[in-house]
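Peer 1: Numbering (my numbering), first residue to last: -12 to 279.
1) May I ask you to report which of helix, strand or coil DSSP gives residue 27?
2) When the distance is taken between beta carbons, is residue 180 closer than 8 Å to residue 192?
3) Considering only their Cβ atoms, is the gap separating residue 208 from residue 242 smaller than 8 Å?
4) For residue 222 and residue 279, what's the separation of their Cα atoms in angstroms?
5) Kindly indicate which three-state DSSP category residue 256 falls into: helix, strand or coil?
6) For a quick check, are the C-beta atoms of residue 265 and residue 235 less than 8 Å apart?
7) Can you give me the C-alpha to C-alpha distance between residue 323 and residue 94, rounded to a whole angstrom?
8) Please confirm whether residue 214 and residue 197 have their CB atoms less than 8 Å apart.
9) Consult DSSP for residue 143 and reduce its assignment to one of helix, strand or coil.
10) For residue 161, which option in 246, 83, 194 and 256 has the closest C-alpha, if you only look at C-alpha atoms?
11) In chain order, what residues of the same chain have a beta carbon less than 7 Å from the beta carbon of residue 251, not counting five sequence neighbours either side?
12) Using only alpha-carbon positions, find the residue among 275, 224 and 206 that is nearest to residue 190.
13) Would residue 81 be called buried (16 or more neighbouring beta carbons within 10 Å of its own) or exposed?
14) Among residues of its own chain, excluding the 5 on either side of residue 261, which ones have a beta-carbon nearer than 8 Å to its beta-carbon?
15) With distances taken between CB atoms, is the gap from residue 157 to residue 200 smaller than 8 Å?
16) When the Cα atoms are used, what is the spatial distance from residue 168 to residue 206?
17) Do you know offhand how far residue 139's Cα is from residue 218's?
18) Which residue from 247, 163 and 155 puts its Cα closest to that of residue 203?
19) Measure the alpha-carbon distance for residue 155 versus residue 212 and round it to whole angstroms.
20) Which residue wins for smallest C-alpha separation from residue 229, given the options 244, 170, 246 and 253?
21) For residue 89, count neighbouring Cβ atoms within 10 angstroms of its own Cβ and tell me buried if that reaches 16, exposed if not.
22) Three-state secondary structure (DSSP) at residue 167?
23) Taking only the alpha-carbon atoms, compute the straight-line gap between residue 246 and residue 257 and give it to the nearest angstrom.
24) Which residue's Cα is closest to the Cα of residue 177: 153, 97 and 165?
25) Which of the three DSSP states is assigned to residue 243 in this structure?
26) So for residue 230, helix, strand or coil by DSSP?
27) Measure the alpha-carbon distance for residue 92 versus residue 83 and round it to whole angstroms.
Here it is in structure tokens:
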């Protein structure tokens, strides 16, 4: 039986003797064992390395996850929704309010501008009408006198110095009207009526007093209506009556009594056909009066 104890435990001479006794078989056996042991050792080393790598990777991964978990707490996913800040909403609301106010103010300005234009046009119409009537009055006074009339009173007509005084008062009133000094003209015309209620110029004074009440910058339609009605009532045969009826129709229209205004204007149109006052009444009724 061959002794296969490790060669390194034997002496050199013993190994040499063993080699000599059965050298060839021993060498073959030693080579075989060496060849077999080398792969097994390599496999074990590989397994150890791989196991070490897996354990190290697991430990590192677990430690990293734990560190991340400790550093950043878990948060559930939240749907993103961007909402304007409260201050932004309030600002938009205030801006919208300001824009609405600006639009309302613009509408008010346009309405006031339209009203001013209408008032200016009306005032200009009144002035032109007054001026046209003054032209007729100048021609009338140039031919002498203001015409005869039948009054509701005694029909007394003054003459001489008293008549001259009445005429002076009346002409002064007309001059004030031409200069658009309406308040002074009212006072002067009232003086003519008060001093000469049945005088030659009384019907004209009543008429022009009604005209001035309606034509001044701040019209007094109530007094205009009353004064013009007095021309018709007190002096029904006077030549100023048709003009007074026409003017009274305009006043009723301006104070909102469309029905009464229409009746008076149609009365002038029917009774004064072919005359300038009838044309004025027809134009005013067609262009201005809108009864609803």
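Yeah, the Cβ is synthetic: ideal placement off N, Cα and C, and Gly gets one too.
Peer 2: Walking through what the data contain:
1) Note that residue 27 scores 49 on pLDDT, short of 50, meaning its location in the model is unreliable; the coordinates nonetheless yield the value given after this. Three-state DSSP puts residue 27 in a helix.
2) yes
3) yes
4) 34 Å
5) helix
6) no
7) Examination of residue 323 is not possible in this model, given that the chain is present from -12 through 279 alone.
8) yes
9) Note on residue 143: pLDDT 34, under 50, position unreliable in the model; no value is reported.
10) 194
11) 232, 235, 236 and 239
12) 224
13) exposed
14) none
15) no
16) 14 Å
17) Unreliable positioning characterises residue 139 in this predicted model, as indicated by a pLDDT of 35, which lies under 50. A coordinate reading is not provided.
18) 163
19) 26 Å
20) 253
21) exposed
22) coil
23) 17 Å
24) 153
25) coil
26) helix
27) 14 Å
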